[in-house]
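Data block below; observations after.
Residue numbers (the working numbering): 12 to 264.
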């Protein structure tokens, strides 16, 4: 059985249903369940789980799932607790263009020493999930920093969503890239290969990648480990087929 695990704190049920529909089309048994009902549920060794949520309690449930022997989609990545700024740093090392970033360790020290040096506008981004707060100039940086809990982990990123750059979402499924069905990503095959290589080193089975594309440049701004694959029917079907292949390998063990 393939379980798609969602949370009441997300709005991803529609995406879960689209993935489930593609699974049903290829006769793959599936069920959408809430993470609230996870504890106490009994899984089989042949089951596969996909946490379609950034809910913090996912980490608390990884051990429960691992003790049963089920396969967790993106499980190695989740267990490694890789934060977003580390992911972006790996992309930098692969010569993939990302915005400039600054790690926040102390709000007071940061606001006094670095705030004036930033190239505004910038985003405050959470290390664990997709929350981002745009800060247009230095005048509101201190106030914005004081409004968030830095213990959650945050970093600052140069805002590059200007100069008529177009936002594209690309999906990585089973070592292939899929677009949203409109146009192909506007950079060369070498860059695509580099992106695939980095995603593979992160041990991700599936992910979404956000890219801003300009007339003569691009910036990769985010990698998400729990995509709903909303905008690509091809990615949804590829994901269902990937799970089917995984289930076949598990049953053969």
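Virtual Cβ for every residue (Gly too), placed ideally from N, Cα, C.
Item                                                                                                                                                                                                : Value
Roughly how many angstroms separate the alpha carbons of residue 62 and residue 15, rounded to a whole number?                                                                                      : 6 Å
Identify the residues that DSSP records as bridge partners of residue 13: which are they?                                                                                                           : 41 and 59
Residue 105 and residue 205 look like a contact to me (Cβ under 8 Å); what is the Cβ gap, rounded to whole Å?                                                                                       : 5 Å
Starting from the C-beta of residue 102, find all residues in its chain whose C-beta is less than 7 Å away, skip the five residues before and the five after it, and write them out in chain order. : 109, 209 and 231
For residue 223, write down the residues that DSSP places opposite it in a beta bridge.                                                                                                             : 178 and 230
Leaving out the 5 sequence neighbours to the left and right, which residues in its chain are closer than 7 Å to residue 169 when beta-carbon positions are compared?                                : 110, 111, 130 and 133
Strictly by DSSP, which residues pair up with residue 1?                                                                                                                                            : No answer is possible for residue 1: the residues shown for the chain start at 12 and end at 264.
For residue 268, tell me which candidate among 164, 253 and 36 has the shortest Cα-Cα distance.                                                                                                     : Past the edges of the chain, shown from 12 to 264, lies residue 268, and the structure says nothing about it.
Tell me whether residue 240 sits in a helix, a strand or coil according to DSSP, three-state version.                                                                                               : coil
Confirm, please, whether the CB-CB distance from residue 243 to residue 189 is below 8 Å.                                                                                                           : yes
Let me make sure I understand the geometry here. Which of 34, 12 and 40 has the alpha-carbon closest to that of residue 53?                                                                         : 12
Would you grab the beta carbon distance between residue 166 and residue 114 for me? Rounded to a whole angstrom, and I think it's under 8 Å.                                                        : 5 Å
How should residue 88 be labelled, buried or exposed, when 16 other C-beta atoms within 10 angstroms of its C-beta is the threshold for buried?                                                     : buried
By the DSSP assignment, the alpha helix (DSSP H) with residue 19 in it spans what residues?                                                                                                         : From DSSP, residue 19 is part of no alpha helix (DSSP H); its letter is neither H nor E.
Ordered along the chain, which non-local residues of its own chain (more than five positions away) have a Cβ less than 6 Å from that of residue 191?                                                : 180, 242 and 243
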